[in-house]
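Residue numbers (the numbering used here): 412 to 910.
Only one structure is covered here, and it is reproduced in the block below.
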Amino acid sequence: MGIFHWIDARVDLVGIKRTLLDRAVARNLTWWHTLGSATLAVFIVQAVTGIVLAMYYSPSPDHALESIRFLERSVASGTVLRAIHHWGASAMVVLTVAHMIRVFTMGAYKFPREINWLLGVILLFIVIGFGFTGYLLPWDQKAYWATQVGTNIAGTTPLIGGSLVTLLRGGAQQGAATLTRFYSMHVLLLPALLVVVSSLHLFLVVRQGVAPRASELEKNAPAKTSDPAYPQYYAHQAHKAKSGGYRFWPDIITKDVVVATLIISFLVLFAMFVKAPLEAPADPTDSSYVPRPEWYFLPFFQLLKLVPGSFESAIAMGVPTLMVFALLALPFLDKKSIRTFSRRPGAAFTLGGVAIATAILLGASIRDEPKNVIAPEVGRILTSTERAGRTQFERQQCGGCHKVAGMAAVPKKSDAPDAPDLTEVGLRHTTAWIHSYLEDPVRFHPDSKMPAYGPPTLSHQEIEELSRYVGSLRGPDPNKAPQYVDTFPEPLKAKESSK
Ligand code: HEC
412 MGIFHWIDAR VDLVGIKRTL LDRAVARNLT WWHTLGSATL AVFIVQAVTG
462 IVLAMYYSPS PDHALESIRF LERSVASGTV LRAIHHWGAS AMVVLTVAHM
512 IRVFTMGAYK FPREINWLLG VILLFIVIGF GFTGYLLPWD QKAYWATQVG
562 TNIAGTTPLI GGSLVTLLRG GAQQGAATLT RFYSMHVLLL PALLVVVSSL
612 HLFLVVRQGV APRASELEKN APAKTSDPAY PQYYAHQAHK AKSGGYRFWP
662 DIITKDVVVA TLIISFLVLF AMFVKAPLEA PADPTDSSYV PRPEWYFLPF
712 FQLLKLVPGS FESAIAMGVP TLMVFALLAL PFLDKKSIRT FSRRPGAAFT
762 LGGVAIATAI LLGASIRDEP KNVIAPEVGR ILTSTERAGR TQFERQQCGG
812 CHKVAGMAAV PKKSDAPDAP DLTEVGLRHT TAWIHSYLED PVRFHPDSKM
862 PAYGPPTLSH QEIEELSRYV GSLRGPDPNK APQYVDTFPE PLKAKESSK
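Right under this line is the structure:
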């Protein structure tokens, strides 16, 4: 208490409390009114988990994925922390959109809150920017190829497309510069923007108060909010609505805290059971990989698939641009003073139409989800090189002698020698060692029973593919670190010269 008085005497804490919390609010505010503060609460969770993740993360193509694997393997709660941040990003998008729908259906973007609606639209795009830049950071296949598509779409912008792509990628190609750039946007630029814009947004909420219920602002209202008499009407009605004795603290704050606590608890619980995905390292040569964006971009992605090629770039740029302008223009186009949703057929029709179209597109895209089949023996989607190697593994009947747990068993030939189990061979040997071994096992074990697969049996490239696949066999436990025991033979001079 002593400290409180000491500070209060100097900075007037009581005054701050009075202006921020001790205000009259309109009666009958709903639980839907807590969505904005819930978004803010999840953002704080994102900031805290993000800071910890940044302490382990290395923003370079060579180390990004490995630094995340290290975090998940060796840091206490690292996996859960990353999962909270990963799913929290989706929660931010869902909550922001839900909050906007609440404001839209209650007509709260109308006079005098047009500016705050604009700030809200900007915040939506900042949140999406966070999602887009964050998606690249693991630098796995999914990250790499989805961002490739995303930046390509930006490239279809008329006139400035080329420069925009260069700006985003930090060069013509997607590479190390892109990762650095996205990382700096994700941890410096976007957080700074978000803090500034959301502070303004909150400042206006405090300044204008929460909008009273629609019904409080409709009795005998002028038809248009642009009517010169409207501001006075509004002030009068808002004052009346506030006279019900409800206070910001504790009436509103309590609801906010309850909802925020529930949402964050759910997020943490969810993250404890569902890990954030991580695929194979990005392979820029693997053009067979089917890219998938984050789920909230799927409806848009699906729309692009439906339009014929010649229209694609028009739709790719046109639809988002139209959406931005429609959202920004909304409070200036809609000047009717009616706020109750059921009495605004145009608004109901628009929202319903957008919702149904989005749901149909999302459903279609989930149905069309490309089957990047997970190889059970590796527990993840294979790169195209590894896939080719796996085919070779089957064709050469390596399984006739070797067992790999998780892979369909091949009947052992009666004359097959006892061969080592290859389930975890990638933990014992590097790809380079496996490559040399497959070429000529006798060089390694003079009495080897294993056939040599060097040319002409298989080409160098086929052996390399095979070795990549065999090297990726690391057993069922993804946290097991490799311990290589590669021993290369002394050059067998006699044998070499006899060739
Ligand atoms: C005729 C049976 C046979 C076939 C077919 C065979 N191997 Fe082997 N493989 C062996 C035997 C036996 C060994 C044990 C070491 C030795 O004899 O050289 C071995 C060893 C290995 C090793 C080293 C394992 C270790 O832990 O040191 C690898 C890797 C390997 N094989 C991969 C393959 C691949 C890939 C194929 C298919 C292209 C294949 N093998 C086909 C019999 C076979």
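Even for Gly, the Cβ is constructed at its ideal location relative to N, Cα and C.
Going by other Cβ atoms of all chains shown within 10 Å of its Cβ, with 16 needed for buried, is W528 buried or exposed? Buried is the call here.
Thinking C-beta only, is G620 closer than 8 Å to R798? Against a cut-off of 8 Å, the Cβ pair of G620 and R798 comes out as no contact.
Cutting at 6 Å between CB atoms, please list the residues of its own chain near M861, excluding the five before and the five after it. In its chain, beyond the 5 residues on either side, P852 have a beta carbon closer than 6 Å to the beta carbon of M861.
L590 versus L440: straight-line alpha-carbon distance, rounded: Cα to Cα, L590 sits roughly 45 Å from L440.
On the criterion of 16 or more Cβ atoms from any shown chain inside 10 Å, does R484 qualify as buried, or is it exposed? Classification for R484: exposed.
Give me the Cβ distance between S913 and I845, rounded to the nearest whole Å; I'm assuming they're in contact under 8 Å. In the structure as shown, the chain begins at 412 and stops at 910. Residue 913 is therefore absent and cannot be evaluated.
Alpha carbon to alpha carbon, what distance is there between W660 and G426? Cα-Cα distance, rounded: 14 Å.
Given that a residue counts as buried once 16 or more other Cβ atoms are within 10 Å of its Cβ, and exposed if not, what is A603? Residue burial annotation: A603 is exposed, with fewer than 16 other C-beta atoms found within 10 angstroms of its C-beta.
Can you tell me whether L424 is helix, strand or coil according to DSSP? Helix at L424.
Do you know whose CA, among K814, G572, L772 and R839, lies nearest P828's CA? The residue with the shortest Cα to Cα distance from P828 is K814.
Once you ignore the five residues that flank T841 on each side, which residues in its own chain have a CB closer than 6 Å to its CB? Closer than 6 Å at Cβ, skipping near neighbours: Y895 and D897.
Can you find a heavy atom of ligand 1 that lies under 7 Å from the Cβ of I845? Yes, the beta carbon of I845 sits closer than 7 Å to at least one heavy atom of ligand 1.
Length of the line joining the Cα atoms of R658 and A652: Pairing R658 with A652, the inter-Cα distance amounts to about 12 Å.
Using a Cβ distance threshold of 8 Å, determine whether the region 726 to 741 contacts the region 529 to 543, with at least three qualifying pairs required. Flag = yes, the region 726 to 741 and the region 529 to 543 touch.
Which residue's Cα is closest to the Cα of K521: R618, R750 and L476? Nearest C-alpha to K521: R750.
If V836 sits next to L884, beta carbons under 8 Å apart, how far is it from one beta carbon to the other, in whole angstroms? Taking C-beta atoms under 8 Å as the contact rule, V836 and L884 qualify, at a distance of about 5 Å.
Helix, strand or coil for I716, going by three-state DSSP, please let me know. Correcting the residue type first, residue 716 is Lys in the shown sequence and not Ile. Three-state result, K716: helix.
Continuous alpha helix (DSSP H) stretch holding H650: start and end: From DSSP, the alpha helix (DSSP H) with H650 extends over Y641 to A652.
Within a Cβ cutoff of 7 Å, which residues of the same chain sit near V538, ignoring the five residues on either side of it in sequence? For V538, the CB contacts under 7 Å within the same chain, skipping 5 residues up- and downstream, are M503, V504 and T507 in chain order.
Report the three-state DSSP secondary structure of P852 (helix, strand or coil). Of the three classes helix, strand and coil, the one that applies to P852 here is helix, per DSSP.
Beta-carbon spacing of A816, E788 below 8 Å: Yes, Cβ-Cβ distance for A816 and E788 is below 8 Å.
Sorted by chain position, which residues of the same chain lie with C-beta nearer than 7 Å to L715's C-beta, five sequence neighbours on each side aside? Spatial neighbours of L715 in its own chain (CB-CB distance under 7 Å, excluding positions within 5 residues in sequence) are listed in chain order as E723, I726 and A727.
Could you round the C-beta distance between I785 and R791 to whole angstroms and report it? I think they count as a contact, below 8 Å. The beta carbons of I785 and R791 sit about 6 Å from each other, so the pair counts as a contact at 8 Å.
Cβ neighbour criterion (16 or more within 10 Å) applied to V881: Buried: at least 16 other Cβ atoms inside 10 Å.
Please work out which residues of its chain come closer than 6 Å, Cβ to Cβ, to Y555, disregarding the five sequence neighbours upstream and downstream, and give them in chain order. Apart from sequence neighbours up to five positions away, the residues of its chain that approach Y555 with a beta-carbon distance below 6 Å are A693, ordered along the chain.
Under 8 Å by Cβ, that's how I've got A452 and A671 pegged, so tell me the actual separation to the nearest angstrom. Yes, they are in contact, since the Cβ atoms of A452 and A671 sit about 4 Å apart, within 8 Å.
Can you tell me whether T898 is helix, strand or coil according to DSSP? Looking at T898 - three-state DSSP - the assignment turns out to be coil, as it is neither helix nor strand.
Please list the terminal residues of the continuous alpha helix (DSSP H) segment that includes G561. Counting along the chain, G561 sits inside the alpha helix (DSSP H) bounded by residues Q552 to G566.
Please confirm whether any heavy atom of ligand 1 lies closer than 7 Å to the CB of A786. When distances are taken from the beta-carbon of A786 to the heavy atoms of ligand 1, even the shortest one reaches 7 Å or more.
In angstroms, rounded to a whole number, what distance separates the CA positions of V463 and A687? Distance between the alpha carbons of V463 and A687: 16 Å.
Could you work out which residue in E780, T567, G774 and L605 is closest to S721 when comparing CA atoms only? The shortest C-alpha separation from S721 is found at T567.
Beta carbon of V815: closer than 7 Å to some heavy atom of ligand 1? Outside the cutoff, so no.
Quick one: give me the first and last residue of the alpha helix (DSSP H) that H612 is part of. Counting along the chain, the alpha helix (DSSP H) containing H612 begins and ends at L601 to Q619.
Check each candidate in R839, I455 and A863 and name the one with the smallest Cα separation from Y848. Y848 has its Cα closest to that of A863, out of R839, I455 and A863.
Proximity winner among D888, A588, L446 and Q552, relative to T695 (alpha-carbon distances): Note that residue 695 is Pro in the sequence shown, not Thr. Looking at the Cα atoms, Q552 is the closest of the given residues.
Proximity test, H840 beta-carbon vs ligand 1 heavy atom, cut-off 7 Å: Yes, the beta carbon of H840 sits closer than 7 Å to at least one heavy atom of ligand 1.
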